[in-house]
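Have a look at the structure below, then the notes.
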Amino acid sequence: IPNMTKDAMLSGNIAVNPRTTTAQDIEALYRAAL
Numbered sequence: 047i048p049n050m051t052k053d054a055m056l057s058g059n060i061a062v063n064p065r066t067t068t069a070q071d072i073e074a075l076y077r078a079a080l
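47 is the number of the first residue of the sequence shown in the numbering used here; add one for each residue after it.
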């Protein structure tokens, strides 16, 4: 999960997301999904 979170934070989608997204937000989503 930590590596997937790092990859997600490098995504260009983070910059255009209307909500501020943190690494903790993404990690929580991965943990909930897996």
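For glycine and all other residues, C-beta sits at the position ideal for the given N, C-alpha and C. As the structure is a computational prediction, the values presented were derived from the model and not from experiment.
For residue i, the first and last residue of its enclosing alpha helix (DSSP H)
{"i": "Arg65", "result": "Looking at the DSSP string, Arg65 is not in any alpha helix (DSSP H), and its letter there is neither H nor E."}
Cα-Cα separation between residue i and residue j, rounded to whole angstroms
{"i": "Tyr76", "j": "Ile47", "result": "7 Å"}
{"i": "Ala54", "j": "Glu73", "result": "9 Å"}
{"i": "Arg65", "j": "Leu80", "result": "23 Å"}
{"i": "Ala61", "j": "Ala78", "result": "23 Å"}
{"i": "Thr68", "j": "Leu56", "result": "11 Å"}
{"i": "Asn49", "j": "Gly58", "result": "17 Å"}
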